[in-house]
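For reference, the structure is listed below as structure tokens.
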Amino acid sequence: MNVNGEELHTQRGKRKRAHEGYVYVQDGVSKNGEKQFWRCQFLGACRARLHTSLSTGEVVKTHGKHSDEPNPAAIEVMARRMYLKKKALETQETPLQLIESVFERTTQAAKFVLPSSETLSRSVNRARKKSMRPMATPQDRASISIPDEYTMYEKEPGSFEKFLIGDTGEGDQRRILLFGREAVGDWIGYSRKAYVDGTFSLSPPCFYQIVAILAERNNFVIPVCYALLPDKSQATYARMIGLICQAWPSFNPAVISTDYEKGLINSFIAAFPEAQIHGCLFHLVQNLKKNSGISICLAVHIDNAIAELAIALPQELMPALKYFEDNYVGSLLHILPDGSIVRRDPLFSSSIWSVYWRTLEGDSRTNNYAEAAHRRLQTEFGVSHPNLWRFIDGLKKVQHHRDMLLARFESGAQPPAKRKKYANIDKKLF
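For the sequence shown, counting from 1, position 415 maps to 415 in UniProt numbering; every step adds exactly one.
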């Protein structure tokens, strides 16, 4: 890239000019109005000057000797960075795409003084923000460059903390982003219960789903983080949990309530082997409805209940019973002489899906807390699959609302009472 004679600009918009490996700054005009004077950018240390014709822009003469060495590589980088900002305002390409195209043919010497991709990406985002242009919609997860203002949370005027608490990094095709308040780490270690639930309709383009993590604090259940995931594989869930534990090392719930996603359950069992894993009754009934169109009343003595149902149920409902038996109880292998039944290991053990003891102890049978958190996001966004920037802005607004509620609770307000219809269900179960 030949930048000799090319005009550049300072950060404040003042004109610069490159000539023979040196950078000069605009310094006035001759009395007859025919020449433009330029001084070396190192004012004070260097007395070198450059004169150019105002009419043609050509160099008329140089004056004085430079105290600094010529640096054509730095000038090339400066010129390319100017061009990068110009292209940022002309296109909707992502920062990474712009950087690759603008710096594609950089000389070897310039590569040694080239800023990092993160620094260049921030320059693109600052230029767009200054011009009030919308942020470009990322085309893929790996190329997303998140501006500083989207990684921080203003908890009160002038007071900021980290909001992007986990990121597997640019270049990762299976990238995971984790958003939440850094300050949660101060108390999360005291939280006994966690609620986990995924949703697909609210995930920004380039991401497969959102997983919400909620925690109980003084009988209040509040969302503490949202994870953007590339898929629903067990390996991805394990990486997500790893990011959470890196952000909040004291996170160690004794009880984890989740939906019936086998990979998710396995990942939490591996990460927290001492924790009780509870499945959500609502999701269990949903799974049964997918196979039968009905819900089934669960019993403590499951073998007897299944035997009685096999006799009492009409033929059209037998597939539902078979589905439940195979996946949640274990298919029948054989019956021993004493009448006891031997079964295969089920996909989901009764310790996960049974709500009997949870009901007796007054614990939640469902993941309604997480479902409510998803509904709150849906209300904030107003659309399905918002772009990433709208998603983060929406999360921050929701977080401010949660902070207000938590402050009210901490000042002495009581948690909301269980709705009457759910209390009546509890009475019937007793």
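Ideal Cβ placement from N, Cα and C applies to all residues, glycine included. The structure presented is a predicted model; accordingly, all values stated were derived computationally and were not measured.
(1) Per DSSP, which one or two residues make a beta bridge with Y190?
(2) Is the beta carbon of V23 sitting closer than 9 Å to the one on I75?
(3) Considering only the alpha carbon of each residue, which of Q41, Q139, Q26 lies closest to K35?
(4) At the level of alpha carbons, what is the spacing between R175 and T236?
(5) Taking three-plus beta-carbon pairs below 8 Å as touching, is the segment 101 to 112 in contact with the segment 146 to 165?
(6) Under 8 Å by Cβ, that's how I've got L243 and L178 pegged, so tell me the actual separation to the nearest angstrom.
(7) Leaving aside the five residues before and after D172 along the sequence, list all residues of the same chain whose C-beta is less than 8 Å from its C-beta, in chain order.
(8) Determine whether the beta carbon atoms of W248 and R217 lie at a separation below 9 Å.
(9) By DSSP, does Y260 sit in helix, in strand, or in coil?
(10) Thinking A238 and S203 are a contact (beta carbons under 8 Å), I'd like their distance in whole angstroms, please.
(11) What residues are listed by DSSP as bridge partners for A212?
(12) Assess contact between the segment 79 to 91 and the segment 61 to 69, defined as three or more Cβ pairs (one per stretch) separated by less than 8 Å. Is contact present?
(13) For H63, write down the residues that DSSP places opposite it in a beta bridge.
(14) Please state whether the Cβ-Cβ distance between F37 and H51 is less than 9 Å.
(15) Let's see if you can read the secondary structure: which residues bound the beta strand (DSSP E) around K16?
(16) Tell me, which residues are paired with D167 by DSSP?
(17) What are the start and end residues of each continuous alpha helix (DSSP H) run of 4 or more residues lying completely inside the segment 84 to 153, in chain order?
(18) Return the CA-CA distance between P138 and V59, expressed in angstroms with no decimal places.
(19) Can you round the beta-carbon distance between R181 and P253 to whole angstroms, since I take them to be within the 8 Å contact cut?
(20) In the DSSP output, which residue or residues are listed as bridge partners for K35?
(21) Quick one: Cα of residue 432 to Cα of I146, how far?
(22) Below 8 Å on the Cβ atoms is my guess for D231 versus A212; work out the distance and round it to an integer in Å.
(23) Rounded to whole angstroms, how far is the Cβ of W389 from the Cβ of Y150, which I believe are closer than 8 Å?
(24) In terms of alpha-carbon separation, which member of L54, N219, I392, R47 lies closest to T62?
(25) Do the CB positions of A215 and V184 come within less than 9 Å of each other?
(26) In whole angstroms, what separates the C-alpha of residue 432 from that of Q234?
(27) Count the other CB atoms, across all protein chains shown, that sit within 10 Å of the CB of P319; report buried if there are 16 or more and exposed otherwise.
(28) Can you tell me whether L54 is buried or exposed? The criterion is at least 16 other CB atoms within 10 Å of its CB, across all chains shown.
(29) Please report the straight-line C-alpha distance between M82 and G21, rounded to a whole angstrom.
(30) Identify whether L43 lies in helix, strand or coil by the three-state DSSP scheme.
(31) For the putative contact between A79 and L164, defined by C-beta atoms under 8 Å, what is the C-beta separation to the nearest angstrom?
(32) Expressed to the nearest angstrom, what Euclidean distance is found between the alpha-carbon atoms of residue 435 and T199?
(33) Leaving out the 5 sequence neighbours to the left and right, which residues in its chain are closer than 8 Å to H385 when beta-carbon positions are compared?
(34) For G28, name the three-state secondary structure that DSSP assigns.
The answer reads as follows:
(1) Beta-bridge pairing links Y190 to no other residue.
(2) yes
(3) Q26
(4) 9 Å
(5) no
(6) 5 Å
(7) R141, A142
(8) no
(9) coil
(10) So it is not a contact: roughly 19 Å between Cβ atoms.
(11) D197, Y226
(12) no
(13) R49
(14) yes
(15) 15 to 19
(16) L177
(17) 95 to 102, 108 to 111, 117 to 130
(18) 44 Å
(19) R181 to P253, Cβ: 17 Å. No contact.
(20) S53
(21) Residue 432 lies beyond the range of the chain shown here (1 to 430); nothing can be said about it.
(22) Between A212 and D231 the Cβ distance is about 17 Å, and since that is not below 8 Å, they are no contact.
(23) 7 Å
(24) R47
(25) yes
(26) With the chain covering 1 to 430 only, the question about residue 432 has no answer from this structure.
(27) exposed
(28) exposed
(29) 17 Å
(30) strand
(31) That pair is no contact at about 32 Å.
(32) Nothing can be reported for residue 435: it is not among the residues displayed for the chain, which extend from 1 to 430.
(33) S201, L202, S203, P204, P205
(34) strand
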